[in-house]
Every structure is written in C-alpha cells, then in structure tokens.
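Q:
There are 2 protein chains.
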Amino acid sequence: MTAEPHPTPGFDEIVHQPNRLGILVVLAEADRADFSYLKRLVGLTDGNLGRHLSVLEDAGLMELRKSIEGNRPRTWATITRRGRKCLDAELAAMRDLVSRFEQ
Amino acid sequence: MTAEPHPTPGFDEIVHQPNRLGILVVLAEADRADFSYLKRLVGLTDGNLGRHLSVLEDAGLMELRKSIEGNRPRTWATITRRGRKCLDAELAAMRDLVSRFEQ
Chain A
686 MTAEPHPTPG
696 FDEIVHQPNR
706 LGILVVLAEA
716 DRADFSYLKR
726 LVGLTDGNLG
736 RHLSVLEDAG
746 LMELRKSIEG
756 NRPRTWATIT
766 RRGRKCLDAE
776 LAAMRDLVSR
786 FEQ
Chain B
686 MTAEPHPTPG
696 FDEIVHQPNR
706 LGILVVLAEA
716 DRADFSYLKR
726 LVGLTDGNLG
736 RHLSVLEDAG
746 LMELRKSIEG
756 NRPRTWATIT
766 RRGRKCLDAE
776 LAAMRDLVSR
786 FEQ
C-alpha cells in the first residue's frame, strides 16, 4: 500500500470548527451581525460564543466593534477580507472532498 | 433581524474533526488500513492517532482488529456501517453548505 495524499489537508482548524464556521457563514452573507443574534443562531452561552469570537478575531478573520444604542451597548461582528478568503478555502476543500465521493 | 436556522447543524464533532474525517474517508475507500499507513497518511504521532481511533471506535464508526503477521503485530482498521452512514451525513452537510454559496 503506497501512501496517498492526506484526504483532508485543506481544512483549517480555526475555520472548520462548526460553530465558528456557522458564524463566518452568517457574516459572509450579512453586512454585520450583533452578539445576541449570533448567540441565538449558534445556541451558545455568552462565554462560549465569546471564546469562539476571540479565536476568529485573533486570527484576523472577523472584527468586533462596540456601539451604544439608546443606553444599551451592542457588539457588532463583521467578516474581514481574510475571513472571506479562509471561508472560500474551506468551502473549496469541502467541494473537493464531496466530489471525490461523487466520482 | 429574525433568527434564521443555524447554517451548520449537520456537522457532528466526532466525524467533522479533520484527522478523523481523513481516516474515515480513507477507510470508506479502502477495505481496511493498518495503523502505520494511517499514521503516515494523517501525519500524527502514535499517541494522537491512537486517541482519534479510540474516539471513532467508541462512537461505533470504526473497528480495530489486531493480527500477527510474521512476528509483528499489526492493527487493522475498518469502517462500520454506522461509520459510512455518519460520513455520508457529513458529506451531505458539506454539500448543503457549498450549494448555499453557489446560489
């Protein structure tokens, strides 16, 4: 048996994780999304969502901006160009893997 | 903004993890694969590969069998029916996500 290439090399752990992937998908489709919307969407606690957002922000895939609306602070997330690029790479890796099985 | 459904609900953490996904892909294509082949393929240490294989085995997605060939012990991995089903579900979830962006 000769070694064939690793079948899943295109998956980056930061983007690939399902909750972070879900967040990036939503941000790629929307202009921006706020913390409570993302929280409802992915069904995480404040702490867990905050941790995933930090991972994405530290990797330069997403930016957070805080604003005050009325008297309430809101946190808005937007995807960066790098975030879109990494999401595209993830989707391309998924497409490759799926087509491998469709042949 | 109304809550839309979570965009990545079909991803199961056990199957989705890139190294475990790679192992299942190879096992779905081959009849069986031995420990050292899988190790070369995914580029993991013995300990890390062993842990991923345990996770897959505990979830009933893969079976390990030990044999002695010559004087050397070999460990063979095969995918179970449940493993194929879960891999199919993962690929279907990937297909859905990719097609969401192709529209």
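Chains as they are written, first to last, in my numbering: chain A, 686 to 788; chain B, 686 to 788. Backbone N, C-alpha and C fix where the C-beta goes; we use that ideal spot for every residue, glycine too. Quick caveat: nothing in here was measured; it's all calculated off a predicted structure.
1) Tell me the DSSP secondary structure of B:A778 in three-state form.
2) Find the residues of chain D that neighbour B:H691, judging by a C-beta separation of less than 8 Å, and give them in chain order.
3) Contact criterion: CB-CB distance below 8 Å. Does B:E754 meet it with respect to chain A?
4) Excluding five sequence neighbours on each side, which residues of the same chain lie with their C-beta closer than 6 Å to the C-beta of A:H737?
5) Using the C-alpha atoms, what's the distance from A:L729 back to B:D781?
6) Who are the near neighbours of A:G808 in its chain, counting only those whose CB is closer than 8 Å to its CB and skipping five residues on each side?
7) Please report whether the beta-carbon of B:F720 lies at a distance below 8 Å from any beta-carbon of chain A.
8) Considering Cα atoms alone, identify which of A:R769, A:A777, A:S784, A:F786 is closest to A:V710.
9) Applying the 10 Å Cβ sphere with the 16-neighbour rule, what's the burial state of B:A778?
10) If you count every other CB in all the chains shown that lies within 10 Å of the CB of A:E775, and 16 or more means buried, which is it?
11) Hey, does A:R780 have any beta-carbon neighbour from chain B nearer than 8 Å?
12) Which residues in chain A sit within 8 Å of B:L776, going by Cβ to Cβ distance?
13) Indicate the three-state DSSP secondary structure (helix, strand or coil) for A:A718 in the structure shown.
14) Contact check, B:D719 vs B:W761 under 8 Å by CB: the rounded distance?
15) Looking at C-alpha atoms only, which residue of B:E787, B:Y722, B:L772 is the closest neighbour of B:G695?
16) Where does A:P694 sit, in a helix, a strand or coil, going by DSSP?
17) Contact criterion: CB-CB distance below 8 Å. Does B:H737 meet it with respect to chain A?
A: For this structure:
1) helix
2) As a matter of chain content, chain D is missing from the structure shown, whose protein chains are A and B.
3) Cβ-Cβ to chain A under 8 Å: no for B:E754.
4) So the qualifying residues of the chain are N704, R705.
5) 22 Å
6) The requested residue 808 of chain A does not occur in the structure, where chain A is confined to residues 686 to 788.
7) no
8) A:R769
9) buried
10) It is buried - the Cβ of A:E775 has at least 16 other Cβ atoms within 10 Å.
11) Using beta-carbon distances, A:R780 counts as an interface residue toward chain B, with a partner under 8 Å.
12) L782, V783, F786
13) The DSSP-derived three-state label of A:A718 is strand.
14) Right, their Cβ atoms sit about 5 Å apart.
15) The residue with the shortest Cα to Cα distance from B:G695 is B:L772.
16) Correct three-state label for A:P694: coil.
17) Residue-level contact by beta carbon fails for B:H737 and chain A, as no gap is shorter than 8 Å.
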